[in-house]
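One structure is given below, encoded as structure tokens.
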């Protein structure tokens with residue numbers, strides 16, 4: 037007998053081996069219907085699984101993120117069954133739920149057409165409604181599972197099993213489809229109420245270019261049609277904002293497969309945007325007491341051996357055989373900053389030393405993981421390293437956090453999530469630095485967050501081995517989260533590189549070292565910005581801030597002379613002097629998402645005005661050119 | 037009998053085989069004494085060599101650059117003889133004359149001390165004055181020379197001989213020293229009148245880290261003591277300006293061997309200087325109708341195979357093995373610019389397209405060739421590519437040339453040398469593009485130079501295979517030349533990458549493509565700037581423009597409030613508030629070569645003034661703070 041306390045308040049004793057399902061029997065029908073799984077000591081279980089230990093049992097219901105994960109994964113199994121039934125000879129790879137729905141990867145000869153996908157979706161509904169299907173879980177020894185999947189011809193599953201270290205594995209059956217799966221799944225297939233298959237894509241098995249190319253079908257699933265409909269609208273909205281489309285369309289940036297995946301080409305307008313951000317970033321950093329530096333993109337392997345990256349990070353590093361020496365294309369800027377710090381002996385009076393660099397780094401990411409500007413192989417971190425004394429710690433961390441807040445809000449991100457990753461005190465042996473170092477560092481991170489009085493999530497054991505950290509995730513205009521700021525301690529590198537300062541007593545002590553990136557990387561941040569604003573950047577960031585449009589040839593001279601005036605005021609303006617109809621040129625300027633269109637015909641020319649159209653505020657009517665300039669300059673200066 | 041016409045006006049017939057020396061016999065004693073060698077059809081001969089063909093014979097006299105080359109090389113032989121006599125068992129590597137004197141590389145067990153060098157110099161003088169020495173030339177079959185040098189134990193010479201493709205080689209003897217040498221040498225050892233051995237250094241045999249480390253002795257030689265003395269003064273001056281010393285000393289930049297040779301670390305102040313140049317450069321380029329872009333540092337090998345670099349430039353490229361694909365760390369920016377050009381189809385109406393990039397490239401240069409910021413492995417070209425129609429050619433080239441002139445003079449270089457490298461019409465088969473292309477391109481380059489009406493050197497056959505070019509060499513404050521601008525046509529890449537535009541008749545034609553870098557590279561240019569100004573940069577470039585110095589603690593508040601005012605005016609100012617004596621702080625500011633020192637004591641505080649000391653103009657006396665600000669801002673704005 038084990039003692040269970042449900043989060044509904046009920047406490048009961050049941051025999052070990054009772055299915056969780058049975059615990060719900062006394063609950064009201066409504067609650068029971070909504071139950072998707074249970075959570076015991078942080079682990080999620082299927083309602084079909086059996087109680088083994090006592091403790092708190094939390095019911096996972098339809099409203100939670102975890103329930104959506106389970107639902108998505110269950111829908112993936114249903115899709116796999118439908119594909120199997122429709123197309124016969126299919127090899128199944130993996131079918132996880134993801135942040136944004138689910139997918140399954142299949143190997144089959146036929147290439148899925150849109151009609152196929154519609155047929156799969158239809159078959160899924162039929163199976164759900166008429167198939168009398170149920171998820172059946174079975175635990176079995178690994179050997180037996182290998183035999184089972186070998187018999188089924190499911191070689192990917194066999195490969196996965198061979199790589200597993202467990203002795204016992206679980207499989208799930210749904211009708212004729214059997215999957216290697218740790219679950220859980222929804223208790224009732226009818227819960228797969230509202231779903232849609234979204235798209236197909238090619239994907240390498242295990243993301244490895246040298247392995248089989250599979251066909252992936254993406255889908256999304258919800259517990260209600262209303263939620264699904266909202267999701268589809270959100271997806272439409274996200275598509276409209278997709279930076280991978282807007283980038284080339286607005287002349288901002290693009291990725292060129294001829295040159296290689298994950299490498300960004302900055303087009304003229306995108307480079308202007310990037311330069312504005314860089315210039316602003318550097319000015320703000322100098323104001324905040326940082327020294328801006330620049331370090332080479334390559335360095336001898338020895339440096340990366342000293343830092344430990346060569347041993348622990350090697351597979352992500354691009355390595356070059358040079359003249360009699362091996363070089364590394366830098367994956368991070370730290371060792372270079374350390375070399376500059378160490379170019380002289382620092383006294384406590386010199387500290388804090390704060391080196392900032394817009395440091396372009398390259399990392400050998402798998403091609404399967406690349407995504408537009410968000411996940412790339414070459415990116416520019418807005419990096420800085422702070423070398424300080426223990427006494428300066430709190431102030432430095434607080435300043436970093438404040439600085440991040442200031443910078444992010446100035447770009448229009450008022451909303452972000454905070455995560456604090458700290459050490460696991462039970463596993464102190466796996467960390468660099470002393471317990472005291474960690475406590476001091478974590479206390480300073482916590483104090484910085486609490487000073488701002490914002491909610492945060494503290495994750496014990498989530499810190500990397502070299503130090504605790506704060507992460508900020510931006511929330512964009514349509515509610516999506518994007519990784520940005522990291523403020524991270526490092527107790528490893530000061531010891532590896534002997535980074536010291538001379539104390540007031542003349543002793544040499546290790547510095548406290550903080551890595552931090554506020555925007556994260558320029559690439560990811562500009563990708564995020566593009567989606568946040570759907571390419572309609574605020575004035576101070578817009579590559580072209582105003583376009584002047586003469587209605588006819590006879591207005592060209594007027595427009596030209598005004599263009600000069602506008603430009604002289606520091607406004608990034610263009611004139612469209614092509615001999616196209618005004619309607620056509622206005623539409624083009626709209627597509628280019630230029631904040632202001634200034635149209636001039638004979639009336640405007642006589643009066644020294646323009647008919648002003650604001651992308652954000654609509655048609656503003658005729659205004660004198662000087663008035664327009666003053667308003668635009670003000671909008672730029674205030675970063676409105 | 038062959039017919040000779042001397043450039044003294046004399047014409048005569050002599051038997052083939054007559055030594056050139058004999059041709060001089062009728063010349064006045066003075067002229068004869070001054071003759072060092074002769075030049076026949078552009079080739080230089082020893083006076084001891086024999087006339088073989090007829091033609092124009094020009095006498096090379098002591099005043100010319102060529103004569104100094106010959107003298108330097110002859111002095112190197114004399115040095116080698118002295119080393120042999122003093123130290124016995126020596127292996128001789130090579131001993132050329134260089135732009136700035138001469139050297140010889142030796143392999144011996146003993147490490148040369150300063151005393152050794154003094155002894156060598158002394159022995160050289162004795163040998164010259166008392167040795168009765170003469171340079172004796174001997175031509176012999178290669179095999180025989182190999183036998184000779186093998187017998188002498190001169191393995192480096194044997195290695196050189198084995199690599200030579202000639203059947204006959206020449207050797208020169210001077211006393212007991214025999215060298216493999218194509219000559220020429222001075223006719224009389226007494227001509228080695230004024231020389232000095234300057235320094236010793238280590239150098240790898242053939243610049244190859246894996247081969248023997250040799251000992252090099254540098255020297256300099258002139259025909260008169262006066263010239264030597266001038267040269268030594270110039271060398272002292274050059275040492276004072278050495279950017280490799282000033283870089284770290286002024287906190288500008290440094291190279292760190294731990295990270296690898298030829299890789300520049302930009303310190304805070306150096307980065308400010310670089311950023312000022314970059315910002316100015318970008319603004320001027322946008323004004324001049326360029327689009328500024330940014331492209332990745334790595335790209336797949338395929339792109340470099342398409343461009344031909346992989347085949348012809350491979351040993352200078354850093355190659356990376358990526359995930360299933362080979363990548364190249366870009367040695368140039370062209371292919372990336374071409375990809376951007378090709379991202380859409382261009383009409384003649386879109387041209388010229390001008391893409392500019394501060395593009396950081398990496399080239400695998402031999403470690404022996406590296407030199408501070410002048411010869412590096414990683415550098416940022418101020419690169420641009422112009423794609424235009426044949427009609428636009430002349431205007432584009434003229435604009436480039438004008439732009440270079442404007443940019444270079446704005447940095448204080450009023451003086452430069454121009455070289456025009458054109459094709460050799462007799463070897464048209466080795467060039468890309470048509471004869472017509474070349475003529476058009478060369479005509480436009482010539483027209484651009486002639487428009488400015490400045491002297492230039494036209495070098496036939498010096499063009500690279502893909503197009504003719506103009507090079508500009510800056511002349512610095514002490515008369516040294518520094519490579520800067522290149523304007524270069526390319527008839528190769530448009531064909532390799534199919535870079536076309538649509539003509540007004542709707543046909544596709546290859547564009548004309550121009551590569552150009554105006555400053556050359558930021559690294560080399562900043563190295564040059566540092567030496568040109570000896571680190572005393574003009575106001576607009578100075579990383580720190582003014583330093584405020586309170587005499588005592590009681591003046592700190594006054595200085596702090598003025599510092600804010602000065603900074604608010606956009607002046608890069610600092611205050612030295614350390615509790616050190618004012619004299620000490622002034623000396624430090626002087627060493628840092630800060631243009632303005634503003635000193636305040638009680639009198640200045642009362643009057644709202646500072647005692648102004650200008651690095652360039654000395655002590656300027658007390659001035660009101662607002663007046664100082666206005667003057668400084670004016671000096672900055674006018675780039676005075």
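Protein chains in written order, with my numbering: chain A, 37 to 676; chain B, 37 to 676. Just so it is clear, CB atoms sit at the ideal spot from N, CA and C, and this is done for glycine as well.
Query raised in the report: I think residue 59 (chain B) touches residue 68 (chain B), with their Cβ atoms under 8 Å apart; what is that distance to the nearest whole Å?
Result: Here residue 59 (chain B) refers to the residue found at position 23 when the second chain is read from its first residue. Here residue 68 (chain B) refers to the residue found at position 32 when the second chain is read from its first residue. Contact flag wrong, Cβ pair sits at about 10 Å.
Next item on the list: Let me know the secondary structure DSSP gives residue 203 (chain B) once reduced to three states.
Entry: Here residue 203 (chain B) corresponds to residue number 167 of the second chain, with the count starting at 1. It is coil, neither helix nor strand.
_With a threshold of 8 Å between beta carbons, is residue 420 (chain B) in contact with chain A?_
Working through the second chain from its first residue, we reach residue 420 (chain B) at position 384. Residue 420 (chain B) does not count as touching chain A.
(message) Nearest by alpha-carbon distance to residue 431 (chain B): which of B:307, B:457, B:481, B:669 is it?
(response) Mapped onto the second chain, residue 431 (chain B) falls at position 395. Comparing Cα-Cα distances from residue 431 (chain B) to each of B:307, B:457, B:481, B:669, the minimum goes to B:481.
Report task. Please look up how many angstroms separate the CB atoms of residue 246 (chain A) and residue 360 (chain B), rounded, as I've assumed it's under 8 Å. Result -> Taking the first residue of the first chain as 1, we reach residue 246 (chain A) at position 210. Taking the first residue of the second chain as 1, we reach residue 360 (chain B) at position 324. Confirmed, Cβ separation roughly 6 Å.
Would you mind stating whether residue 117 (chain B) and residue 213 (chain B) have Cβ atoms separated by less than 8 Å? Along the second chain, one-based indexing puts residue 117 (chain B) at 81. Along the second chain, one-based indexing puts residue 213 (chain B) at 177. Yes. Within cutoff.
Item to check | Rounded straight-line distance, which links the Cα of residue 390 (chain A) to that of residue 536 (chain B) | outcome: The residue labelled residue 536 (chain B) in the question sits at position 500 within the second chain. The residue labelled residue 390 (chain A) in the question sits at position 354 within the first chain. Taking the straight line from one Cα to the other gives about 49 Å.
State the DSSP-derived secondary structure class of residue 55 (chain A), mapped to helix, strand or coil. In the first chain, counting from the first residue as 1, residue 55 (chain A) sits at position 19. Three-state DSSP puts residue 55 (chain A) in a strand.
* To do: Establish whether the CB of residue 400 (chain A) and some CB of chain B are separated by less than 8 Å.
  => As a working note, residue 400 (chain A) is residue 364 in the first chain. So yes, residue 400 (chain A) belongs to the interface.
- Out of A:505, A:292, A:558, A:599, which has the shortest C-alpha to C-alpha gap to residue 372 (chain B)? Here residue 372 (chain B) refers to the residue found at position 336 of the second chain. Comparing Cα-Cα distances from residue 372 (chain B) to each of A:505, A:292, A:558, A:599, the minimum goes to A:292.
#### Entry: Local conformation of residue 249 (chain A) per DSSP, three classes
The residue you call residue 249 (chain A) lines up with position 213 of the first chain. Strand at residue 249 (chain A).
message = Considering only DSSP beta bridges, list what residue 383 (chain B) is partnered with.
response = In the second chain, the residue the question calls residue 383 (chain B) occupies position 347. DSSP, once it has assigned bridges, lists B:538 as partnering residue 383 (chain B).
The segment 363-382 of chain B contacting the segment 258-278 of chain B, beta-carbon criterion three pairs below 8 Å = no
CB contact check: residue 343 (chain A) to chain E, cutoff 8 Å | Annotation note: the requested chain E is absent from the structure, which comprises protein chains A and B.
- Task: Please confirm if residue 571 (chain A) has its CB atom under 8 Å from at least one CB of chain B.
- Result: As a first step, residue 571 (chain A) is located in the first chain; it is residue number 535 there, counting from the start. Output row for residue 571 (chain A): interface = no.
State buried or exposed for residue 617 (chain A), treating a residue as buried only when at least 16 other CB atoms are found within 10 Å of its CB. Indexing the first chain from 1 puts residue 617 (chain A) at position 581. So residue 617 (chain A) ends up on the exposed side.
ask   = If you check the beta carbons only, do residue 308 (chain B) and residue 221 (chain B) fall under 8 Å apart?
value = On the second chain, position 272 is the one that residue 308 (chain B) refers to. On the second chain, position 185 is the one that residue 221 (chain B) refers to. For residue 308 (chain B) and residue 221 (chain B), no; Cβs fall outside 8 Å.
Practice item. Just grab the DSSP bridge partners of residue 648 (chain B) for me. Key: Residue numbering aside, residue 648 (chain B) sits at position 612 when the second chain is read from its first letter. Answer is B:634, B:657.
Run of the alpha helix (DSSP H) containing residue 366 (chain B), from where it starts to where it stops: Residue mapping note: residue 366 (chain B) aligns to position 330 of the second chain, counting from 1. Taken as a continuous stretch (DSSP letters only), residue 366 (chain B) belongs to no alpha helix (DSSP H), as it is neither H nor E.
Note to self: Against chain A, with Cβ distances strictly below 8 Å, would residue 301 (chain B) count as a contact?
What the structure shows: As a working note, residue 301 (chain B) is residue 265 in the second chain. Closer than 8 Å: yes.
| Of the residues B:339, B:103, B:225, B:418, the one placed nearest residue 320 (chain B), counting alpha carbons only | Walking along the second chain from the start, residue 320 (chain B) turns up at place 284. Ranking B:339, B:103, B:225, B:418 by Cα distance to residue 320 (chain B) puts B:418 first.
Let me see if you follow: with CB-CB separation under 8 Å, is residue 106 (chain B) close to chain A or not? As a working note, residue 106 (chain B) is residue 70 in the second chain. Against chain A, the CB of residue 106 (chain B) has no partner CB under 8 Å away; the residue lies outside that interface.
**Message:** What does the Cβ neighbour count give for residue 620 (chain B), buried or exposed, with the cut at 16 atoms within 10 Å?
**Reply:** For the purposes of this step, residue 620 (chain B) is taken as residue 584 along the second chain, with counting starting at 1. The residue is exposed, with fewer than 16 neighbouring Cβ atoms inside 10 Å.
Give the interface partners of residue 376 (chain A) over in chain B, defined as CB-CB distance under 7 Å, in chain order. To locate residue 376 (chain A), count along the first chain from 1; it is residue 340. By Cβ distance, chain B contributes 301, 303.
**Q.** Identity of the residues DSSP links to residue 39 (chain A) by a beta bridge
**A.** Counting from one through the first chain, the residue named residue 39 (chain A) turns up at place 3. Note: residue 39 (chain A) sits in a beta bridge opposite A:49.
*asked:* To be precise: take each residue of the segment 281-293 of chain A, compare its Cβ to all Cβ atoms of chain B, and keep it if any distance is under 8 Å. Which residues remain?
replied: Here the close residues are 284, 290, 292.
Beta-carbon neighbours of residue 691 (chain A), restricted to chain B and to distances below 7 Å
The structure shown does not extend to residue 691 (chain A), since chain A is modelled only from 37 to 676, so the question has no answer here.
*For residue 319 (chain B), return the contacting residues in chain A, with the cut-off set at a CB-CB distance below 7 Å.*
For the purposes of this step, residue 319 (chain B) is taken as the residue at position 283 of the second chain. Here the premise fails: no neighbours, minimum Cβ distance about 11 Å.
Among A:525, A:509, A:526, A:468, which has the Cα closest to the Cα of residue 557 (chain A)?
Residue mapping note: residue 557 (chain A) aligns to position 521 of the first chain, counting from 1. Of A:525, A:509, A:526, A:468, the residue nearest in Cα terms is A:509.
(Q) For residue 164 (chain B), tell me which candidate among B:115, B:402, B:137 has the shortest Cα-Cα distance. (A) As a first step, residue 164 (chain B) must be located in the second chain, where it is residue number 128. Per the Cα distances, B:115.
Query raised in the report: Just the Cα atoms here: how many angstroms apart are residue 279 (chain A) and residue 355 (chain A)?
Result: Here residue 279 (chain A) corresponds to residue number 243 of the first chain, with the count starting at 1. Here residue 355 (chain A) corresponds to residue number 319 of the first chain, with the count starting at 1. A straight-line Cα-Cα distance of about 31 Å links residue 279 (chain A) and residue 355 (chain A).
**Asked** What do you reckon, are the CB atoms on residue 414 (chain B) and residue 396 (chain B) nearer than 8 Å?
**Response** For the purposes of this step, residue 414 (chain B) is taken as the residue at position 378 of the second chain. For the purposes of this step, residue 396 (chain B) is taken as the residue at position 360 of the second chain. Against a cut-off of 8 Å, the Cβ pair of residue 396 (chain B) and residue 414 (chain B) comes out as a contact.
Original post:
Would you call the segment 575-592 of chain A and the segment 232-245 of chain A in contact, with 3 or more CB pairs under 8 Å?
Top reply: No contact exists between the segment 575-592 of chain A and the segment 232-245 of chain A.
Under 8 Å between C-beta atoms of residue 141 (chain B) and residue 210 (chain B):
Start at 1 with the first residue of the second chain, and residue 141 (chain B) comes out as number 105. Start at 1 with the first residue of the second chain, and residue 210 (chain B) comes out as number 174. Contact: no.
- [ ] Quick one: residues in its chain with C-beta nearer than 7 Å to the C-beta of residue 642 (chain B), no 5 flanking neighbours on either side, listed in chain order?
- [x] Counting from 1 along the second chain, the entry for residue 642 (chain B) is found at position 606. If we look at residue 642 (chain B) and ignore the five residues flanking it on each side, it has no Cβ neighbours.
To the nearest whole angstrom, what separates the beta carbons of residue 96 (chain A) and residue 103 (chain A), a pair I think is in contact under 8 Å?
Sequence index remark: in the first chain, residue 96 (chain A) carries index 60 (1-based). Sequence index remark: in the first chain, residue 103 (chain A) carries index 67 (1-based). Going by Cβ atoms, the distance from residue 96 (chain A) to residue 103 (chain A) rounds to 5 Å, so yes, they are a contact pair.
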